Structures are given as C-alpha cells and as structure tokens.
Amino acid sequence: MLVLLPPSEGKAAPGRGAPLKAEGLSLPGLAEARAAVLDELVGLCLGDEDRAREVLGLSEGLRGEVAKNAELRTAGTRPAGEIYTGVLYDALDLASLDAAAGRRAEDSLLVFSGLWGAVRVGDRIPSYRCSMGVKLPGLGALGAYWRAPMASVMPEAAGDGLVLDLRSSAYTSAWKPAGEVAGRTASVRVLHSQLVDGVEKRSVVSHFNKATKGRMVRDLLTAGARPKDPARLVEALRDLGYVVEAQAPVRAGRPWSLDVVVTEIH
23 MLVLLPPSEG KAAPGRGAPL KAEGLSLPGL AEARAAVLDE LVGLCLGDED RAREVLGLSE
83 GLRGEVAKNA ELRTAGTRPA GEIYTGVLYD ALDLASLDAA AGRRAEDSLL VFSGLWGAVR
143 VGDRIPSYRC SMGVKLPGLG ALGAYWRAPM ASVMPEAAGD GLVLDLRSSA YTSAWKPAGE
203 VAGRTASVRV LHSQLVDGVE KRSVVSHFNK ATKGRMVRDL LTAGARPKDP ARLVEALRDL
263 GYVVEAQAPV RAGRPWSLDV VVTEIH
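The sequence shown begins at 23 in our numbering and counts up by one.
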C-alpha cells in the first residue's frame with residue numbers, strides 16, 4: 023500500500039541534525055528536478071526579500087520564512103514526518119506509533135511537496151516554505167513543473183498494490199495516476215452528515231477532513247492492514263468502524279472514489 027499525503031503549510035522548527043544530503047532522499051529519479059527547484063528557491067530568497075515574499079505568497083508576518091529558505095543548504099534537518107505539522111499530522115501522530123506501525127509508515131507514506139516533489143516520512147529534510155501553488159520565475163508553476171519528473175518515478179513507487187490518494191487538489195496536479203495504476207488507486211474525501219429539518223445534509227469541512235484522514239491512516243497502520251486494492255480497502259476501513267461509500271470507476275484508467283461519512287466533528 024502506498025499512501026499519498028499533502029504536506030502542511032506550517033513546518034516544525036529547523037532541526038539540529040546534519041545539513042541536507044539530497045542524494046539520500048527517496049525517489050532518486052527526482053534528484054535533478056529537486057536540485058533545480060532548490061537552486062531557484064534559494065536564489066530567490068537570497069535576493070530581494072519583498073519580491074521573494076510576493077512570489078511565495080507570504081504575508082508580512084511570515085517574512086522570516088524567506089530567510090529560512092535562503093539557508094536551506096546549511097540548515098539542520100529532521101525526518102519529514104517531524105517537519106510536517108498541522109491538523110492531518112497531529113491526528114496521524116507518527117511519534118506515538120509502536121515500532122511495527124512506525125516501520126509501516128516509513129514504507130508506505132509519501133508526502134508530496136512543492137520543493138522536493140515527494141519524500142518519505144523518514145527522509146531528512148530542512149524546514150522550508152514553498153507550496154505546490156508557487157510559480158517560480160525560472161521554472162514556472164510547480165504543479166506543472168513536477169508532472170514529467172513524477173510521471174517517471176511514480177509508477178515504480180506505486181508498485182503493484184493499492185494507492186491511497188489523500189492529497190489536496192493543489193498536489194494532485196503534480197501527478198495523476200493513469201492506466202493500470204489508476205485502477206488500483208482510491209481517492210478519498212470526508213463528508214460531514216447532519217440532519218437539518220429532518221433532511222440529511224452533507225458537506226466537506228476542511229479542518230475535519232484533514233483530521234479524519236490522519237486518524238484513518240493511523241488506524242490502518244496500527245491495525246497492520248495491507249489491502250491490495252480499493253475494494254479490500256473499503257472492507258478494511260469498515261472493519262475499523264468507518265462508514266464508507268465506494269464508487270468504482272465507470273471505465274478503465276480512472277481511480278475509485280471513496281466517501282468517508284462522519285456525523286461528529288472533532
């Protein structure tokens with residue numbers, strides 16, 4: 023099982039570990055593309071600070087992120103699973119997993135990134151700020167930039183098992199499963215169900231959507247579930263107590279669509 027996750031906008035403080043060793047990151051086929059983005063981002067942030075803030079879409083209060091990006095090559099690193107924070111990662115709570123579940127997390131979780139393309143949670147990276155929606159002056163929109171490099175490495179990364187896609191829309195632009203891989207991919211959304219005047223209403227709530235996805239991944243890792251395809255994923259999630267509605271693709275080359283329906287927001 024390969025689980026595709028979005029990163030978090032906010033990141034943990036820089037680590038105290040050794041500086042970045044890009045050659046040690048997972049998916050080595052992305053090395054050249056990563057180097058190009060890193061060069062462009064560091065160069066941008068070493069220049070005019072206001073221009074860098076504008077390109078990165080940062081508010082005045084996030085001005086310090088520019089200086090942080092300028093030092094990416096020398097900054098300390100931490101495992102990506104510690105760098106990414108926020109609602110989904112708080113619910114996933116990687117640090118509290120037992121040893122077996124932690125190993126499963128390192129094997130199966132892949133975090134998409136505007137800077138790195140994608141990394142595994144055990145990869146050591148510095149704290150940074152660069153979303154997939156950024157348009158760098160020399161490389162253009164990162165979502166489009168990453169498509170070719172990701173297309174070259176993701177089929178191998180996906181292997182022959184289930185791909186559980188929990189990415190937000192900005193990050194799906196970098197790679198969309200196609201062909202045979204798409205047929206064993208499940209894209210998940212979380213719907214909040216409530217009765218309004220006796221009529222069921224369903225809505226997507228961003229914060230709760232992220233929290234539920236984090237808990238869902240944690241539950242799968244803790245249970246040691248290894249579903250081989252979307253149909254077995256539905257069974258595994260229902261066994262874990264989730265209410266799941268599944269829609270198989272109407273034609274080949276399309277992913278499954280899964281709705282996880284919840285009635286409580288927390």
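Here a beta-carbon is modelled for each residue, glycine too, at the ideal position from N, C-alpha and C. Being a predicted model, the structure only gives us computed values, none of them experimental.
Classification of residue i by the beta-carbon crowding that lies within 10 angstroms, buried from 16 upward
i	result
L78	buried
T99	buried
P171	buried
D120	exposed
A74	buried
E76	exposed
V212	buried
P50	exposed
CB contact flag (residue i, residue j, <8 Å)
i	j	result
S48	V141	yes
A233	V156	no
A34	E104	yes
P28	Y167	no
V239	V265	no
W197	R169	yes
V210	L280	yes
Residue i to residue j span [Cα, whole Å]
i	j	result
L132	R126	12 Å
W278	V185	10 Å
H229	D112	12 Å
T107	A179	24 Å
F134	L24	12 Å
L60	V227	34 Å
L84	D261	43 Å
L158	P101	26 Å
A123	G69	43 Å
G136	L161	12 Å
D187	V175	16 Å
7 Å CB neighbourhood of residue i in its chain, flanking five on each side removed
i	result
V64	N91, A92, L94 and R95
A270	W278
I147	L42, T99, A102, I105, W138 and V141
Own chain partners of residue i with C-beta closer than 6 Å, once the 5 adjacent residues on each side are dropped
i	result
S195	G165
Residue i at chain B interface by Cβ criterion, 8 Å
i	result
S191	The question asks about chain B, but that chain is absent: this structure has only one protein chain.
Threshold first: 3 residues or longer. Then list the beta strand (DSSP E) segments lying entirely within the stretch 142 to 204, N to C.
185 to 187
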